[in-house]
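Participant:
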Amino acid sequence: MYVIYMLTYYIFGIKSSGFHIVNLLFHAGNSVLVFLVVSEIFRKFYNSNLAPYFSPPFIAAILFATNPIHTEPVVWVAGILDLSFTFFYFLSFYLYIRSEDDGVLSKGIYLLSVLSFLFSLFCKEPSITLIVILICYDFILRNQKVYSLQYLKKYVPYFIVFGVYLIARFYALKGFVPVRDDVTLTTYECFINPFFLFLKYLAKLLLPVNLNIWHVFHPMKSLLSLDGIASLIISIVFLWFVYISARKNKVVFLSLIFIVVPLLPTFYIPALTQGIENAFSERYLYLPSFGFALLFALVPRWININKQKWTTIVIVIIMVIIGLYSLATVSRNAVWKNSYTLWSDAVKKSPESSVAHKSLGYALFYAGRAKEGKEQFQIALKLNPDLVNDVINRGIIYSRSGLINKAILEFNTALIFKPESAITHYNLGLAYDSKGWLDAAIEQYQITLMLKPDYADAHNNLGIAYGEKGLIDKAIKHFQEAIRLNPTDTYAYNNLARAYEMKGLGEKAKEQ
Numbered sequence: 000m001y002v003i004y005m006l007t008y009y010i011f012g013i014k015s016s017g018f019h020i021v022n023l024l025f026h027a028g029n030s031v032l033v034f035l036v037v038s039e040i041f042r043k044f045y046n047s048n049l050a051p052y053f054s055p056p057f058i059a060a061i062l063f064a065t066n067p068i069h070t071e072p073v074v075w076v077a078g079i080l081d082l083s084f085t086f087f088y089f090l091s092f093y094l095y096i097r098s099e100d101d102g103v104l105s106k107g108i109y110l111l112s113v114l115s116f117l118f119s120l121f122c123k124e125p126s127i128t129l130i131v132i133l134i135c136y137d138f139i140l141r142n143q144k145v146y147s148l149q150y151l152k153k154y155v156p157y158f159i160v161f162g163v164y165l166i167a168r169f170y171a172l173k174g175f176v177p178v179r180d181d182v183t184l185t186t187y188e189c190f191i192n193p194f195f196l197f198l199k200y201l202a203k204l205l206l207p208v209n210l211n212i213w214h215v216f217h218p219m220k221s222l223l224s225l226d227g228i229a230s231l232i233i234s235i236v237f238l239w240f241v242y243i244s245a246r247k248n249k250v251v252f253l254s255l256i257f258i259v260v261p262l263l264p265t266f267y268i269p270a271l272t273q274g275i276e277n278a279f280s281e282r283y284l285y286l287p288s289f290g291f292a293l294l295f296a297l298v299p300r301w302i303n304i305n306k307q308k309w310t311t312i313v314i315v316i317i318m319v320i321i322g323l324y325s326l327a328t329v330s331r332n333a334v335w336k337n338s339y340t341l342w343s344d345a346v347k348k349s350p351e352s353s354v355a356h357k358s359l360g361y362a363l364f365y366a367g368r369a370k371e372g373k374e375q376f377q378i379a380l381k382l383n384p385d386l387v388n389d390v391i392n393r394g395i396i397y398s399r400s401g402l403i404n405k406a407i408l409e410f411n412t413a414l415i416f417k418p419e420s421a422i423t424h425y426n427l428g429l430a431y432d433s434k435g436w437l438d439a440a441i442e443q444y445q446i447t448l449m450l451k452p453d454y455a456d457a458h459n460n461l462g463i464a465y466g467e468k469g470l471i472d473k474a475i476k477h478f479q480e481a482i483r484l485n486p487t488d489t490y491a492y493n494n495l496a497r498a499y500e501m502k503g504l505g506e507k508a509k510e511q
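Residue numbers are given in numbering that gives the first Met the number 0: position 347 of the sequence shown equals residue 346, and the series is strictly consecutive.
Have a look at this one:
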């Protein structure tokens, strides 16, 4: 992923249009790969080479290209994660299919498939599900032969690559799966809510309307609730179709597997980076939508074989669906015009989300509408009283990472939430200090001490700021107060000694 970002920056610089172009190129590449993969699937299972126009591969590719559910990963610059991992995922699968014809294995193409799998893994973790897809593909293509040593050996390089990835991930992140501390679901709730998530994903895949960047997920508490019963029934019916199609129609089986298997990592809610509130996210449907496109593309073939007189009607219906998809995608793109339009839409659709209100507040501040922005921040704080601590902590992280401008924005935002926070004023003073804005830093330290007079670190840093401005007497006063409040603070002693030296009081300096 970072290599892709670096190459994009090298070619386009910091222009956002360059990053959007790269996203579009990846999406176009994925659409082409959908055409190629479906063509190979039909060649393998139906022994047919189809004309490109209104053939199943063409229909699948167009449905994938125009699906409005893809707006988030394609338009959002950070969506490159889903776009890139899907590209290498498709490429690896396509090369795997092409690597063997009539029992003859092309080692070169096969190794390229393994290499593409490695690239996909380094783009995003859900790529591991490709191994399951490969096994399912071989199972339906060769039935029980997949269990033979000959075919089991074909998967070994993929598992080795996965092992290499896990080792690299472990050393880079000091662990395998990061788990959020703020996910409060019980073990039972973690078990039942994937059924509910699957129901929501399936519904959004079938009817991609009311799209939203920030869906609020309300976890189920029991399978005996209405949502729980519906989720369980739909999941059982889906699995029953998977079982039946494995015996009756292999391509239908493969399409259903492609819908559910790539979604499996998203069902582990504690590992989702955005937390439980946004456990349901549209971008996770980017790859699974291929299964839906493949399934839908089978309809005209079935009609052509069984109900030829309906062929024209079906083609017209497909064209209408593609047209509706395209219109919905264009309409959704307009929502992503800027931060204000995006988060205004999110607030309308998710009014109970503190994140949506906070983000809209940021957008309003950037637009110079401070009063309206403050109102959104206050709404966000009412919805989530812990939000101010999250903002402060994010500001501290930005400061430690050298991202001072972002830190200043976060601290100022926190002060809108809670203007009497001494720790926030203090951290804002540190941020101003690191920018060399001494007067602004001194003001924040002074406010800090008004709110918390016994804040030793604030006295020490205020003394340093006064010293840098040449106000030595004031500096000495605050260093002395810092020492009184914290007699073990060696930094305050050293600073006081330097202040005495600057005053020409060498003997007093030595005493420190």
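All residues carry an ideal CB built from backbone N, CA and C; glycine is no exception.
For the alpha helix (DSSP H) that W239 lies in, which residues bound it at each end?
Facilitator: L225 to K247
Participant: With a threshold of 7 Å, establish whether the CB of F11 neighbours any heavy atom of the ligand FMN.
Facilitator: The model on display carries no ligand, and the ligand FMN is accordingly not part of it.
Participant: Mind listing, in chain order, the continuous alpha helix (DSSP H) runs of no fewer than 4 residues lying wholly within the segment 376 to 425?
Facilitator: 386 to 399 and 403 to 416
Participant: Considering only their Cβ atoms, is the gap separating L204 from S288 smaller than 8 Å?
Facilitator: Yes, the Cβ-Cβ distance between S288 and L204 is below 8 Å.
Participant: Going by alpha carbons, who is nearest to Y285 out of G12, G78, R42 and G360?
Facilitator: G78
Participant: Can you tell me whether DSSP reads L104 as helix, strand or coil?
Facilitator: strand
Participant: Measuring alpha carbon to alpha carbon, tell me which of P452, E467 and T70 ends up nearest R282.
Facilitator: T70
Participant: Please confirm whether F237 and F279 have their CB atoms less than 8 Å apart.
Facilitator: no
Participant: State the Cα-Cα distance for the pair Y339 and V346, rounded to the nearest angstrom.
Facilitator: 10 Å
Participant: Apart from the five residues just before and just after F18, which ones in its own chain have a Cβ nearer than 6 Å to its Cβ?
Facilitator: T7 and V76
Participant: Measuring straight from C-alpha to C-alpha, what distance separates Y157 and F416?
Facilitator: So the alpha carbons of these two residues sit roughly 50 Å apart.
Participant: Decide if the segment 107 to 127 is in contact with the segment 22 to 36; the criterion is three or more beta carbon pairs, one per stretch, under 8 Å apart.
Facilitator: No, the segment 107 to 127 does not touch the segment 22 to 36.
Participant: Classify W239 as buried or exposed, calling it buried when 16 or more other Cβ atoms lie within 10 Å of its own Cβ.
Facilitator: exposed
Participant: Going by alpha carbons, who is nearest to I130 out of Y4, G162, Y154 and L117?
Facilitator: For the set Y4, G162, Y154 and L117, the Cα lying nearest the Cα of I130 is the one of Y154.
Participant: Any idea what DSSP makes of E99, helix, strand or coil?
Facilitator: strand
Participant: In its own chain, which residues sit with a C-beta less than 8 Å from the C-beta of G227, not counting the 5 before and 5 after it?
Facilitator: I191, F194, F195, M219 and S221
Participant: Apart from the five residues on each side of it in sequence, which residues of its chain come closer than 8 Å, Cβ to Cβ, to L255?
Facilitator: F237, F240, V241, S244, G290 and L294
Participant: Please classify L380 as buried or exposed, where buried requires at least 16 neighbouring CB atoms within 10 angstroms.
Facilitator: Buried, since its Cβ has 16 or more Cβ neighbours within 10 Å.
Participant: Could you tell me which of L35, Q149, L117 and L253 sits nearest to I139, measuring between CA atoms?
Facilitator: L253
Participant: DSSP on W436, reduced to helix/strand/coil?
Facilitator: If DSSP states are grouped into helix, strand and coil, W436 belongs with coil.
Participant: Closest to G394 by CA distance: which of A440, N383, H424 and V31 is it?
Facilitator: H424
Participant: Please work out which residues of its chain come closer than 8 Å, Cβ to Cβ, to Q445, disregarding the five sequence neighbours upstream and downstream, and give them in chain order.
Facilitator: L461
Participant: Can you tell me the Cα-Cα spacing of I132 and P55, whole angstroms?
Facilitator: 20 Å
Participant: I want to know whether the segment 302 to 315 touches the segment 93 to 113 - three or more CB-CB distances under 8 Å.
Facilitator: They do not touch, by the three-pair rule.
Participant: Verify whether the separation of the beta carbon atoms of P72 and D81 is less than 8 Å.
Facilitator: yes
Participant: Do A481 and A455 have their CB atoms nearer than 8 Å?
Facilitator: yes
Participant: Considering just the uninterrupted stretch of the alpha helix (DSSP H) at H356, what are its terminal residues?
Facilitator: S353 to Y365
Participant: Could you check how far apart the C-beta atoms of Y164 and L262 are, in whole angstroms? I think they sit under 8 Å.
Facilitator: At roughly 20 Å, the Cβ-Cβ gap does not stay under 8 Å, so Y164 and L262 are not in contact.
Participant: When the distance is taken between beta carbons, is L359 closer than 8 Å to W523?
Facilitator: It is not possible to answer for residue 523, since the shown part of the chain is limited to 0 through 511.
Participant: Using DSSP with H/G/I as helix, E/B as strand and the rest coil, what is W342?
Facilitator: helix
Participant: Using the Cα positions of P51 and F44, report the straight-line distance between them to the nearest angstrom.
Facilitator: Bear in mind that a pLDDT of 48 at P51, under 50, signals an unreliable position, so the model cannot answer this.
Participant: Assign L223 to buried or exposed, taking buried as 16 or more other Cβ atoms, counted over all protein chains shown, within 10 Å of its Cβ.
Facilitator: Counting Cβ neighbours within 10 Å, L223 comes out exposed, since fewer than 16 surround it.
Participant: V313 and I302 look like a contact to me (Cβ under 8 Å); what is the Cβ gap, rounded to whole Å?
Facilitator: 5 Å
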